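These notes are about the structure you will find just below.
Number of protein chains: 2
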Amino acid sequence: MKVQEYLPFWKKLTKEQQNRFEYAMRERKAAKGTILHNGSEDCVGLFIVQQGQLRVYTVSEEGKEITLYRLFERDICLFSASCIMSGIEFDLVVSAETDAILYHIPPKVYQELMRESAAVANFTNELMASRFSNVMWLFDQILYKRLDSRLAAFLVEEMELLETKELKITHEMIAQHLGSAREVISRMLKYFQNEQIVKLGRNSILILDEKKLMEAAKESLR
Amino acid sequence: MKVQEYLPFWKKLTKEQQNRFEYAMRERKAAKGTILHNGSEDCVGLFIVQQGQLRVYTVSEEGKEITLYRLFERDICLFSASCIMSGIEFDLVVSAETDAILYHIPPKVYQELMRESAAVANFTNELMASRFSNVMWLFDQILYKRLDSRLAAFLVEEMELLETKELKITHEMIAQHLGSAREVISRMLKYFQNEQIVKLGRNSILILDEKKLMEAAKESLR
Chain L
77 MKVQEYLPFW KKLTKEQQNR FEYAMRERKA AKGTILHNGS EDCVGLFIVQ
127 QGQLRVYTVS EEGKEITLYR LFERDICLFS ASCIMSGIEF DLVVSAETDA
177 ILYHIPPKVY QELMRESAAV ANFTNELMAS RFSNVMWLFD QILYKRLDSR
227 LAAFLVEEME LLETKELKIT HEMIAQHLGS AREVISRMLK YFQNEQIVKL
277 GRNSILILDE KKLMEAAKES LR
Chain V
77 MKVQEYLPFW KKLTKEQQNR FEYAMRERKA AKGTILHNGS EDCVGLFIVQ
127 QGQLRVYTVS EEGKEITLYR LFERDICLFS ASCIMSGIEF DLVVSAETDA
177 ILYHIPPKVY QELMRESAAV ANFTNELMAS RFSNVMWLFD QILYKRLDSR
227 LAAFLVEEME LLETKELKIT HEMIAQHLGS AREVISRMLK YFQNEQIVKL
277 GRNSILILDE KKLMEAAKES LR
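Listed in order, the protein sequences are those of chains L and V.
For the first sequence, our numbering gives the first residue as 77, with consecutive numbering after it.
For the second sequence, our numbering gives the first residue as 77, with consecutive numbering after it.
Dropping the structure here:
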């Protein structure tokens, strides 16, 4: 897919603006585990996801993590350029959850184009609104939904993303996604095992009863 | 203050655009307690706060409330026009916490101006980013800070806003602000009373020891 197809405002740019974009954009590969953006430590710019999966999360003062949302093919990572957005006062971390192929847009170029073009500025608005909505959904989950429901929904999501019922993931990693503690996740997974929903292995979780899992996940499926 | 002084993009508008704004804007008074916007039930438009205080909050399926942030003089309420922003998928409620004098901007007019003017679109971005930052701060409070700290900070904030040490507020109302339950708040306030930080009266809380209160509030002061 050509890079212009990822940017809905393309036809509203002048030829000169399009050239500026094309000249500045670079394809970039990121290996699984790469930290692409680390809060206010950097301002790398925007990333368009061609292939792969990014994880956007926060890290507390004590090092506790929680995943805010993930970005998939065709998604655009905005907060890796948070320095160009007045009003952003929080730190997010963006990492490659899988090997990924991205387009990179330098922050200054994007900022100029936002200032010149209402189409680019409005598109950026939509992106931010979308991310805000993701966070509000998570906020509601944290405040009002039970952890077993959130855990079950996470397992369903992993099963669908990885297209397998045998999830190679540690309890610690799940805790970091859900903003919980490993011991709590382990306890809950053992409960799921007692209910014969999953079977726990060494660093793996085998989903035995998809139907029961979906039922447990009901309140927390996106 | 003239309405133009509330809108930093004013000089970047054409005369025709300025006229369109001025023609559409109306001063509006809202009595304390008025619900100005109720989630997806309406799309009333934007409000500029001339005088008074607005409360922006969410209500869960079970009716539990939590205050996301407040808006004060010179602030602009954006989400009362959420229908014009693609990507907003959550419901907020906006109420007048005090009698208020507002300027009202109809959603269609603002939407047209966002589409025409990069300055208006970028300003809207900044507003949204600011609100997003407020919510991320609250999210961090909910995830990582203790309720006693949040309660103490709330009392400090009320004391400063109302300019009095005798707060006429019920435990239920505090619970609705903090997303907690009345019994939990009552228990915690009794604890503060035992520590001689406050004295509880009938529907009132008298702050006795401001210094101790600030100390308890430390982790949760904005």
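The beta carbon of each residue, even a glycine, is placed where N, CA and C say it ideally should be.
Quick caveat, the model's predicted, so the values are computed rather than measured.
- Q126 (chain V) and P183 (chain V) have their C-alpha atoms some 19 Å from each other.
- Per DSSP, the unbroken beta strand (DSSP E) holding Y179 (chain L) starts and ends at 176-181.
- Within chain V, the residues N201 have their CB atoms less than 7 Å from the CB of T200 (chain L), given in chain order.
- For Y220 (chain V), a Cβ of chain L is located within less than 8 Å of the residue's own Cβ.
- At a cut-off of 8 Å, the C-beta of G139 (chain L) has no neighbouring C-beta in chain V.
- Rounded to the nearest angstrom, the gap between the Cα atoms of L227 (chain V) and L89 (chain V) is 44 Å.
- Taking Y267 (chain L) as reference, the option from L:L289, L:N279, L:E81, L:M249 with the minimal CA-CA separation is L:L289.
- Around T246 (chain V), the same chain offers N279 as residues with beta carbons nearer than 7 Å, after the five sequence neighbours per side are excluded.
- Boundaries of the beta strand (DSSP E) around F123 (chain V): 122-127.
- In the DSSP annotation of this structure, the continuous segment of the beta strand (DSSP E) that includes R146 (chain L) starts and ends at 141-147.
- When V:L284, V:L238, V:L83, V:M190 are compared, the shortest CA-CA separation from E173 (chain V) is found for V:L238.
- In this structure L276 (chain L) does not touch L284 (chain L) by the C-beta definition: roughly 11 Å separates them, more than the 8 Å allowed.
- Put simply, the region 127-134 of chain L does not touch the region 79-86 of chain L. Fewer than three CB pairs are less than 8 Å apart.
- Contact residues of the region 150-184 of chain L toward chain V are M161, S162, G163, I164, E165, F166 (C-beta to C-beta distance below 8 Å).
- A residue is called buried once 16 or more other Cβ atoms fall within 10 Å of its Cβ, and L243 (chain V) is buried on that count.
- Counting only residues of its own chain and dropping the five nearest sequence neighbours on each side, I164 (chain V) has a CB closer than 8 Å to the CB of F155, S158.
- In the structure shown, the three-state DSSP call for E242 (chain L) is strand.
- In the DSSP annotation of this structure, S116 (chain V) is not part of any alpha helix (DSSP H), being labelled neither H nor E.
- If you look at L214 (chain V), you'll find it in the alpha helix (DSSP H) that goes 194-220.
- Here the C-alpha atom of L219 (chain V) lies approximately 47 Å from the C-alpha atom of N95 (chain V).
- Closest by C-alpha distance to E248 (chain L), out of L:E149, L:Y99, L:S262, L:T143, is L:S262.
- The continuous alpha helix (DSSP H) containing K288 (chain L) extends over residues 286-293.
- Among the residues facing chain V, V211 (chain L) is included, as its CB has a counterpart in that chain under 8 Å away.
- Taking C-beta atoms under 8 Å as the contact rule, R146 (chain L) and L168 (chain L) fail to qualify, at a distance of about 13 Å.
- Residues of chain V with a Cβ closer than 7 Å to the Cβ of E192 (chain L) are, in chain order, A194.
- Annotation for K266 (chain L): the continuous alpha helix (DSSP H) segment containing it runs 258-270.
- Under the 10 Å beta carbon count, G109 (chain L) is surrounded by fewer than 16 other beta carbons and is classified as exposed.
- No Cβ-Cβ contact shorter than 8 Å links M190 (chain V) with F166 (chain L).
- Shown here for F148 (chain V): same chain residues with a beta carbon closer than 7 Å to its own, the five before and five after excluded, namely V125, Q129 in chain order.
- Contact check for F123 (chain V) and L178 (chain V): beta-carbon distance about 4 Å, within the 8 Å limit, so the pair qualifies.
- Under the three-state reduction of DSSP output, R150 (chain V) falls in the coil class, being neither helix nor strand.
- Listed along chain V is no residue with a C-beta nearer than 9 Å to that of G115 (chain L); the closest approach is about 12 Å.
- Counting along the chain, K91 (chain V) sits inside the alpha helix (DSSP H) bounded by residues 91-100.
- Bounds of the beta strand (DSSP E) holding A172 (chain L) are 169-172.
- When 7 Å is used as the limit between beta carbons, G255 (chain V) is near these residues of chain L: L219, in chain order.
- Note that the C-beta distance between A194 (chain V) and S193 (chain L) is below 8 Å.
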